[in-house]
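Here's the structure we're looking at; comments come further down.
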Amino acid sequence: MTARTLLALSLIWAAPAMAQTSPPAHERSVSAEGGCTALVAPDRGRLTIWTQRTESSAGRASAEATAALATLRGRLDGLHLADAAIESNGVQIDKQPIDGPKGPTGFQYQARAGLQLDSSDIAGLGRAMDAVASADEIAPMAVYVSEGKRQQAIDACLPKATAEAKRHAEALLSGVGDRLGPTLRINGFEAHGGEAPASDLFGGGRPVLYARMAAPMAAKAEVSAGDRQIEVRSTVTFGILQ
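Taking mature numbering (1 follows the signal peptide of the UniProt record, and there is no 0), I'd label the letters of the sequence shown as residues -19 to -1, 1 to 223.
So, in structure tokens, the structure goes:
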């Protein structure tokens, strides 16, 4: 048998093996993105307050600020808001010079004690602001969507975003004579990523004075959280069939 004959036979034998190792058609893929918007009502609210006292000694300033805060906390406990959680922000003490005509004449100490109230009773937080109206500082009330409710909204929106991605992928292939194959991979995510900052119920960035003036008004008017918008995107990879 000649060398030329051996070469021809080896090519014939190799052909079936090469055909068996060719990648299946669906390993060709196309990716497309779809989106969905969910409107979610915030389900929790947050209120933060501070008391402040200035005395000649750090211990006295701290004790008085803490005692004043304890009084306010008792008022909040008495409201019995739904699943309320109260967390202390601790005590901060600042040593300050006492200015005189020729310079400092001594020192005084300023203590600040604070707490944060978190509850699902958003309307009840209006009553809470009334109850602690005598606090030295009241931050603007904030409302936000809890992580569990946010995830529910994302899960409900993801199929719509994925369906839109499929329509986009079909449109891409329609002009080249290919057909959409199986779904190979889905990557769903919130467009802005992570928990958004808590939204200020009174409009954001308000001075403390405004928050204290708003406290008497909060219980008299219905407190509405308003819907929050969550953008969900889905990137889907599909196989391609000829």
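Beta carbons are placed, not taken as given, at the ideal position from N, Cα and C, and that holds for glycine.
- Of all alpha-carbon atoms in 154, 212 and 167, the one lying nearest the alpha-carbon of residue 144 is that of 167.
- Secondary structure within the segment 81 to 114: the beta strand (DSSP E) runs of 3 or more consecutive residues, fully enclosed, are 84 to 100 (chain order).
- Judged by DSSP in its simplified three-state form, residue 223 adopts coil rather than helix or strand.
- Between residue 210 and residue 20 the beta-carbon gap is near 6 Å, inside 8 Å, which marks them as a contact.
- The beta-carbon separation of residue 142 and residue 214, rounded to 6 Å, stays under the 8 Å limit for a contact.
- In this structure, the CA atom of residue 35 is about 27 Å from the CA atom of residue 27.
- The Cβ atoms of residue 92 and residue 51 lie no closer than 9 Å to each other.
- Take residue 112, set aside five residues on each side of it, and the residues of its chain with a beta-carbon closer than 7 Å to its own are 56, 57 and 60, in chain order.
- DSSP, reduced to helix, strand and coil, places residue 58 within a helical segment of the structure shown.
- Collapsing the DSSP output to three states places residue 140 in a helix.
- Per the DSSP secondary-structure output, residue 75 pairs in a beta bridge with 91.
- Taking residue 24 as the centre and dropping the five residues before and after it, the same chain places the C-beta of 101, 126, 127 and 130 closer than 7 Å to its C-beta, in chain order.
- Between the alpha carbons of residue 139 and residue 70 lies a distance of about 38 Å.
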